[in-house]
Each structure stands twice: as structure tokens, then as C-alpha cells.
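Input: a single structure, listed below in C-alpha cells.
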């Protein structure tokens, strides 16, 4: 199978107008987040069987398995060198990529050569890749002799920052400063041109203005296939959050406003909050099942990720971050929801390859594909007629094709065969009509 291609960009005269060219895929993507927080605690050794190889090499070896699960887009960790280190209360960490040192692509996850081989292997199987992009901050502890000395105009301390403070602003970059902007854009071009990266996951997007994202997407030499942002803000009174200033206090308006203007999708924090409740009826609160087509099309749904969820155990750092971990007894139900409903689902690596949900996820993805469910699909809410959650997802022609029951007395449409279930918890039925 020929690999996906990224096309050169035709430069537009209005390159700095707000609202970037859309980079939202074709609406049929299912994303695999192919990393977790504890990987580099063992210097990149894989979690599958303890082999002493880099994470990039392990992913390359597993390219067939990843493609066989039905994923279309692989989300990789931050690619730049991070040799930061912390030690506290008998634990230690650092090196995950979120306090990167410079733009060297020989990272704790593997070498530049291994990154190239990984992306080529995924492309050969028809899979695209995005990387976690961290433009807001970097390692500021050892910057006295850096090309961007701190404090100075390249940093929020001594410069100008268009967004909110991370870690009290001590490590924040001034993304609007020409030196920082130019070098970051060059690094993005390198990832796309030389390594074949197809897009970005923007970290901590309230740390910089949406106009900076628009400029960077516009100014890369090739057109991104997919772009998604992480907006997670629980305090609507913050004065340093540019999303509140631009879009107002309503959380939905901030998430969707950023995604609309950035030409991107956004992590669906509202669906995540509903999942955290463990209450099937609250799943209707997510953006992915909003009545607005735009909300559904722009939402990226997830059950857990490297910040919210656990990671396979490491003696150095226990079970990972676990900032907002999905209730264990609701996890498979949550995957049934995000893989059966609209939005673009993103699956967390350990859930599939470490903790036993691989077969369930594979069958749910297959049912989604067979039904033709897309990010912007419509759906019929049956919850008010039943206990728990019940609904029908539609294909691109507006036909009901997939039925979902979670903690509900809904027994599926008459004549629809059962596609996959966890008895006593949830069931998915697939329409017999082709």
C-alpha cells in the first residue's frame, strides 16, 4: 500500500489573517496515542516485554499490529531532546520531551535514524503520524549559555508572551518574538520535509495566542493533514488565559473557538469530564454528541492520556501521573462510547497493549468502520426513553448504522445483529443494511 503524502503549500497573500487552513483529516480517523509517561524512566525500554531497544524501534517492529487494529493516525511523543531531570520523595523523572533542551531529534525515545524508519514503516501501511509539539516552554534551568539566554526577549521573563503562565512563567517562551518563531517554524519544516510528519498535537494551547498557531500552520512549507490542540482550563476567571479573553467564559466556546480559528481539532475535555463521572447518562454532555455539527467535527475524544491516566509501573515513578484517571470499572464503557459516537477518537497505548483492552478496541474500531461513522456524523439520542445511555450513530448519508447501549435497558433495534459487547455493561449493534 503506498504511503500517505503531504502536499506542498500554495502560499496565500493573507498568510497572517486569523483562521488557519483546516488540518482536520478526512473525518474517518481513529488515533492511537503511541506513548505514555513512564517510557523514558527506563531509558526508552519498551513496555511490551522488557526488550532493551528504543521506543521508536519497538513501534517500528509493531507497525503491522498497529495497522491491524484499524488505527489510521499515530500520535508520537515530543521529538526533541530533553535531558531534564528531577528527583523528589524517592522518585525521579525527566526526559519525557516536555522540557526539551534544543531541537536535536536524537531523543530519549530513539535516534533520528530510528524516527525516520518508524515513520516510513507507518506510511507504508497507510498510517499517518503527528507529533506532540511543545511551543510554549522548554528547559530553563541550564540556559545561561544558551542561544536564547534567560531572562531576555525570547522568554516570557524579559520578553512578551501572548498566553498564560506555565510553572509560574519560569520556562515560558515568547513565541511571538521573531527569533523564537522563526526557529520553531524551521524545526516544524524539518519534521515534515525530512521525516514525513503529517501534523501536530499542540501542547498547552492557552500558553500562547491562537494567532501564533495560525501563523505556524500557514508558514510551514507543506500542508498539515491533522492538527489538534490541548485546551484544559478549569478556572474561567484567569486573567492570563487568552482563550477567555477572546472567546469568553463558556468552556464550549473556548474549546471550539480555538479549534475553529486554528484550523484544528481540540481535545474534548467535556466528554472526558462526563466519563469521569462514571454515569452513562452524563455522556450526553460531551462535545462529540452536541447538536452542533461543528462541535462534533472538531472534537477529539479520549478516555485517558499520558497526563490523566496511569502508565505501566516504573520503580522510578510508580504508576505515572494519574491527574484525572478514568474510573477502572467504566473504562471499557468509555471506549465503547468514543468509538461508537461522533468525534475523532484517540486511544491510549497502555489500554490496548498493556492492560487487556486490545481485542475490544479492535472490534469496536471495525464496527465503526463498517458503519461508516465519521467525526461529524449525526446521531439519535434514545437516552430519555431508557435507563443509562442509548443512541444511534449515523453514516455520512444520515442513516442510522450503529446502536449503542451503556448501562441501559435498551436492547438494540429489532433485527440488528450484535457486533460487540461486554455483558452487563454495554452493547453495540450494527445495522444489517450495507
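Residue numbers (the numbering used here): 2 to 435.
Beta carbons are placed, not taken as given, at the ideal position from N, Cα and C, and that holds for glycine.
Measure how close the beta-carbons of residue i and residue j come, nearest whole angstrom, since I'm counting them as under 8 Å.
i: residue 321; j: residue 124; result: So it is not a contact: roughly 30 Å between Cβ atoms.
i: residue 178; j: residue 161; result: 7 Å
i: residue 409; j: residue 395; result: Not a contact, Cβ separation roughly 19 Å.
i: residue 31; j: residue 79; result: Contact flag wrong, Cβ pair sits at about 22 Å.
i: residue 284; j: residue 338; result: 5 Å
i: residue 289; j: residue 76; result: Not confirmed; about 18 Å, so no contact.
i: residue 56; j: residue 40; result: 5 Å
i: residue 175; j: residue 157; result: 6 Å
i: residue 172; j: residue 140; result: 7 Å
i: residue 68; j: residue 126; result: 4 Å
Could you work out which residue in the options is closest to residue i when comparing CA atoms only?
i: residue 84; options: 167, 42, 324, 377; result: 42
i: residue 303; options: 177, 314, 334; result: 334
i: residue 423; options: 336, 22, 223, 372; result: 336
i: residue 184; options: 205, 383, 103; result: 103
i: residue 412; options: 356, 389, 400, 268; result: 389
i: residue 181; options: 114, 219, 138; result: 138
i: residue 434; options: 355, 22, 270, 371; result: 371
i: residue 345; options: 176, 195, 187, 266; result: 266
i: residue 82; options: 70, 163, 100; result: 100
i: residue 61; options: 339, 24, 32, 128; result: 128
i: residue 136; options: 94, 77, 98; result: 98
i: residue 317; options: 5, 70, 24, 93; result: 93
i: residue 436; options: 340, 275, 299, 271; result: The displayed coordinates of the chain run from 2 to 435. Any statement about residue 436 would go beyond what the structure contains.
i: residue 71; options: 191, 190, 340, 209; result: 340
i: residue 208; options: 134, 270, 191; result: 134
i: residue 432; options: 405, 22, 355; result: 405
i: residue 23; options: 157, 122, 274, 223; result: 223
i: residue 349; options: 257, 327, 168; result: 327
Count the other C-beta atoms from every protein chain shown that fall within 10 angstroms of the C-beta of residue i, then say buried if there are 16 or more, exposed otherwise.
i: residue 352; result: buried
i: residue 307; result: buried
i: residue 398; result: exposed
i: residue 428; result: buried
i: residue 255; result: buried
i: residue 48; result: With a pLDDT of only 44 at residue 48, under the threshold of 50, the placement of this residue in the model should not be trusted, and no figure is reported.
i: residue 430; result: buried
i: residue 130; result: buried
i: residue 421; result: buried
i: residue 419; result: exposed
i: residue 375; result: buried
i: residue 278; result: exposed
i: residue 329; result: exposed
i: residue 65; result: exposed
i: residue 309; result: buried
i: residue 385; result: exposed
i: residue 114; result: exposed
i: residue 12; result: Bear in mind that the predicted position of residue 12 carries a pLDDT of just 44, short of 50, making it unreliable; the figure below should be weighed with that in mind. Exposed, since its Cβ has fewer than 16 Cβ neighbours within 10 Å.
i: residue 391; result: buried
i: residue 225; result: buried
i: residue 281; result: buried
i: residue 243; result: buried
i: residue 87; result: exposed
i: residue 415; result: exposed
i: residue 90; result: exposed
i: residue 241; result: exposed
i: residue 246; result: exposed
i: residue 26; result: buried
i: residue 164; result: buried
i: residue 58; result: buried
i: residue 382; result: exposed
Closer than 6 Å to a non-hydrogen atom of the ligand HEM - does that hold for the CB of residue i?
i: residue 356; result: No copy of the ligand HEM occurs in the structure displayed, which carries no ligand at all.
Write down every uninterrupted run of the alpha helix (DSSP H) in the segment 156-195 whose length is 4 residues or greater and which is fully enclosed by it, in chain order. 179-194
Please specify which runs of the beta strand (DSSP E), each continuous and at least 3 residues long, are wholly inside the segment 289-361, giving them in chain order. 300-303, 345-349
Cβ contact (3+ pairs, closer than 8 Å) linking the segment 231-247 and the segment 283-296: Taking a contact to require three or more Cβ pairs closer than 8 Å, the segment 231-247 and the segment 283-296 do not qualify as touching.
Between the segment 352-361 and the segment 248-266, are three or more C-beta pairs nearer than 8 Å? no
Pairing CB atoms from the segment 104-118 with CB atoms from the segment 209-223, are three or more of them under 8 Å? no
Cβ pair count under 8 Å reaching 3, the segment 221-233 against the segment 196-208: yes
Whole runs of the beta strand (DSSP E) within the segment 370-411, excluding any shorter than 3 residues: 380-382, 390-395, 401-407
Which ranges does the beta strand (DSSP E) cover as unbroken runs of at least 3 residues, wholly within the segment 221-257, from first to last along the chain? 227-230
Quick check on the DSSP output: what are the complete alpha helix (DSSP H) runs of length 4 or more inside the segment 69-106, in order along the chain? none
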